[in-house]
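J.: Chains as they are written, first to last, in this note's numbering: chain Y, 3 to 134; chain H, 1380 to 1545; chain A, 13 to 374.
Even for Gly, the Cβ is constructed at its ideal location relative to N, Cα and C.
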């Protein structure tokens, strides 16, 4: 098994070396004539106004939270689904029905979560804000 | 003569520790967030050395793909990064050290007290399958409760993230 | 499934150390398949788009403009490498590297033929999903480091769409795991002999294939989901500030990613190298591998053509529509598919649609 991951490690090394190497060889070919005007940030030809490191839209945050919750759930049911086939294809038994029920329960609870977010309009990009 | 495996193991162990130290000590908060990538990734490598490939995959999937992106979003929405990158400064060095020392003591105590067993040639071919049968058999209740916990986390997090709602 | 390195190692009677073959297999797959494909894909993309718009497309460099991608490559390598003063220098340099590492490392598990795979990991499906997250991180990093408003917006949008669409993609692949009982792509392909393609395993997997393909398109930011680099709104998206070779690396990673998703769709749903009426046991040893390789590559290229075709057919989504499609349509639908597939497996004892029909006649 470690041998398999040795391949992965080597691939990461090769990919990691590929980028600096190609840039290094390019260095001999490409021009390098920087001046301050050229090195300014692009902003449609204007002088850049301020900095781009600014506060950001909250919408992205809720999405990331939703994503993590579902991702954890998927990670948890991955191994269970892996043995599901062997369990059910043996024979139609009470055990396999129970297994199915357990899975439905687990998935169902999370669908409930999705439904909650949907009803509470957390899935909407533009949200109506009540004015006090 | 140290073999290649040991070198890789030591390298990633050192990378995990050093990048974790960097996360704490780097002044620029975005740099610390990105240095967490190295920490999480090397932890995944260590999991692979423990033959826990599934856990390694989940580690990368959830921590690198999810938690880190959440961190970055959180940084970008909560801090005014416009003038300069947010600087972290630690002023309460003494209390921190006083708190950390007993912790270190406890860890060292546990490490030295534990009777480490050397296991040779672990057969982990069906690691994921055995994990699944454990989840569905012995740990069924925690497994199902985890879904309720996740639901609670989802509702709570969305409630907090919602603007203008108390 | 045996990996390419071990196959080559045994072929040479194990005279050389194994790590040389590991390196060799990686280099072979990367530089004989991935990079030429990515280059060729840029040419193909321009030719196909020209064809759809009733133009001729590149026709100057070489016969039919076939050498166009080499000319493009030379042009890109001769371009000046500009790093804006206001940018974050370290991350600006690191971002293309992370993107390339993420997308190249996905090639490790792509099965091209019985023995042509770098390493058939046991957690193949999970690995694909996990490594995909590096690409998202690289784009955010590039967008943030550029210190350009367009880039930051592009990076954020990219991250949002990637993380959103990873859920339906993962759930669609979960269906495949359900019917094949394995996460390794070698096993998944092995179970799809003749008509047993996962696509036709049951009606729900047929839908799952489309869910996967749509979500994967969104994950690699292809039209109609290309909001991170929407030229009409965001100039160039997350790579606005990148020029020359660094820009080319982002581009390369994008084409590599498209290749990966087409290959994963082929292996997971379209039977890999298996086609109806073809029994590999009746075919001579020497012909087997090249034939499997050609069949896999053909399927991948057909899917790639669909990707390009979609680009010139559909208009771009708006951000809210994009995320609405994911969370309000694809995610609930894929949850439903997971439940229905597990119900199918329970009711028919894990047999496929084809298996049931065969069962009636025998």
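In chain order, what residues of the same chain have a beta carbon less than 6 Å from the beta carbon of residue 1507 (chain H), not counting five sequence neighbours either side?
T.: Closer than 6 Å at the Cβ level, and outside the excluded window around residue 1507 (chain H), lie 1433.
J.: So which residues on chain B does residue 149 (chain A) lean against when the C-beta distance must stay under 9 Å?
T.: Checking the listed chains, one finds no chain B in this structure; the protein chains it contains are Y, H and A.
J.: My output table needs one value for residue 1342 (chain H): the three-state DSSP class, helix, strand or coil.
T.: With chain H represented from 1380 up to 1545, any question about residue 1342 (chain H) goes unanswered, as that position is not in the structure.
J.: Does any C-beta atom of chain A lie closer than 7 Å to the C-beta of residue 1404 (chain H)?
T.: Output row for residue 1404 (chain H): interface = no.
J.: Measure the Cβ-Cβ separation of residue 317 (chain A) and residue 230 (chain A) and say whether it is below 7 Å.
T.: It is not a contact, given that the beta carbons lie outside the stated cut-off.
J.: Quick check: is the beta carbon of residue 356 (chain A) nearer than 7 Å to any beta carbon in chain Y?
T.: For residue 356 (chain A), the answer is no, since every Cβ of chain Y falls outside 7 Å of its Cβ.
J.: Given that a residue counts as buried once 16 or more other Cβ atoms are within 10 Å of its Cβ, and exposed if not, what is residue 294 (chain A)?
T.: Exposed, because fewer than 16 other Cβ atoms sit within 10 Å of the Cβ of residue 294 (chain A).
J.: Within 10 angstroms of its Cβ, does residue 48 (chain Y) collect 16 or more other Cβ (buried), or is it exposed?
T.: So residue 48 (chain Y) counts as exposed.
J.: Please classify residue 19 (chain Y) as buried or exposed, where buried requires at least 16 neighbouring CB atoms within 10 angstroms.
T.: Under this definition residue 19 (chain Y) is an exposed residue.
J.: Grouping DSSP H, G and I as helix and E and B as strand, with all else coil, what is residue 287 (chain A)?
T.: In this structure, residue 287 (chain A) counts as coil in the three-state DSSP scheme.
J.: Quick one: is residue 17 (chain Y) buried, meaning 16 or more other Cβ sit within 10 Å of its Cβ, or exposed?
T.: Buried: at least 16 other Cβ atoms inside 10 Å.
J.: Residues in its own chain within less than 8 Å of residue 1462 (chain H) by CB, not counting five upstream and five downstream?
T.: With a pLDDT of 49 at residue 1462 (chain H), under the threshold of 50, the predicted position of this residue should be treated as unreliable, though the coordinate-derived value follows. Correct list: empty, nothing qualifies.
J.: Going along chain Y, which residues have a C-beta under 8 Å from residue 1397 (chain H)?
T.: Here the premise fails: no neighbours, minimum Cβ distance about 18 Å.
J.: Starting from the beta carbon of residue 139 (chain A), find every residue of chain H whose beta carbon is closer than 8 Å, and list them in chain order.
T.: Those are 1436, listed as they occur along chain H.
J.: Grouping DSSP H, G and I as helix and E and B as strand, with all else coil, what is residue 327 (chain A)?
T.: Coil, per DSSP.
J.: In three-state DSSP terms, what is residue 258 (chain A)?
T.: Reduced to three states, the DSSP call for residue 258 (chain A) is helix.
J.: Output, in chain order, the set of chain A residues within a Cβ distance shorter than 8 Å of residue 1440 (chain H).
T.: In chain order: 138, 141, 142 and 145.
J.: Using a Cβ-Cβ distance under 7 Å, would residue 1423 (chain H) count as near chain Y?
T.: For residue 1423 (chain H), the answer is no, since every Cβ of chain Y falls outside 7 Å of its Cβ.
J.: Judging by CA-CA distance, which residue of A:154, A:31 and A:123 is the nearest neighbour of residue 102 (chain A)?
T.: Nearest option by C-alpha distance: A:154.
J.: In terms of residue numbering, what span does the alpha helix (DSSP H) encompassing residue 22 (chain A) cover?
T.: 16-23 is the extent of the alpha helix (DSSP H) around residue 22 (chain A).
J.: Run through chain Y and tell me which residues come within less than 7 Å of residue 1514 (chain H), C-beta to C-beta.
T.: Correct list: 81 and 82.
J.: Expressed to the nearest angstrom, what Euclidean distance is found between the alpha-carbon atoms of residue 1414 (chain H) and residue 233 (chain A)?
T.: Approximately 26 Å between the Cα atoms of the pair.
J.: Going by other Cβ atoms of all chains shown within 10 Å of its Cβ, with 16 needed for buried, is residue 274 (chain A) buried or exposed?
T.: The residue is buried, with at least 16 neighbouring Cβ atoms inside 10 Å.
J.: Is residue 1528 (chain H) helix, strand or coil when you go by DSSP?
T.: Residue 1528 (chain H) falls in the helix class under three-state DSSP.
J.: Does residue 118 (chain Y) get closer than 7 Å to chain A when you measure Cβ to Cβ?
T.: Output row for residue 118 (chain Y): interface = no.
J.: Alpha carbon to alpha carbon, how far is residue 256 (chain A) from residue 43 (chain A)? Give it in angstroms, no decimals.
T.: C-alpha separation (whole angstroms): 21 Å.
J.: Contact defined as beta carbons within less than 8 Å: I believe residue 23 (chain Y) pairs with residue 75 (chain Y). What is the distance between those atoms, to the nearest angstrom?
T.: At roughly 41 Å, the Cβ-Cβ gap does not stay under 8 Å, so residue 23 (chain Y) and residue 75 (chain Y) are not in contact.
J.: At the level of alpha carbons, what is the spacing between residue 350 (chain A) and residue 217 (chain A)?
T.: Taking the straight line from one Cα to the other gives about 9 Å.
J.: Strictly under 7 Å for the Cβ-Cβ distance: is residue 26 (chain Y) near chain H by that measure?
T.: No, no contact with chain H.
J.: Residues in its own chain within less than 8 Å of residue 36 (chain A) by CB, not counting five upstream and five downstream?
T.: The answer, listed in chain order, is 17 and 20.
J.: Examine chain H for any beta-carbon lying closer than 7 Å to the beta-carbon of residue 14 (chain A), and answer yes or no.
T.: Cβ-Cβ to chain H under 7 Å: no for residue 14 (chain A).
J.: Could one say the Cβ of residue 340 (chain A) lies closer than 7 Å to chain Y's Cβ atoms, at least one of them?
T.: Closer than 7 Å to some Cβ of chain Y, the Cβ of residue 340 (chain A) qualifies, so yes.
J.: Please state whether the Cβ-Cβ distance between residue 184 (chain A) and residue 223 (chain A) is less than 7 Å.
T.: Yes.
J.: Can you tell me which of the three DSSP states residue 1461 (chain H) falls into?
T.: Bear in mind that the predicted position of residue 1461 (chain H) carries a pLDDT of just 47, short of 50, making it too unreliable to give a figure here.
J.: Please report the residue range of the alpha helix (DSSP H) in which residue 195 (chain A) lies.
T.: Counting along the chain, residue 195 (chain A) falls outside any alpha helix (DSSP H), and DSSP gives it neither H nor E.
J.: On a CA-only basis, which of A:227, A:212 and A:208 is nearest residue 179 (chain A)? Give me that one, please.
T.: Looking at the Cα atoms, A:227 is the closest of the given residues.
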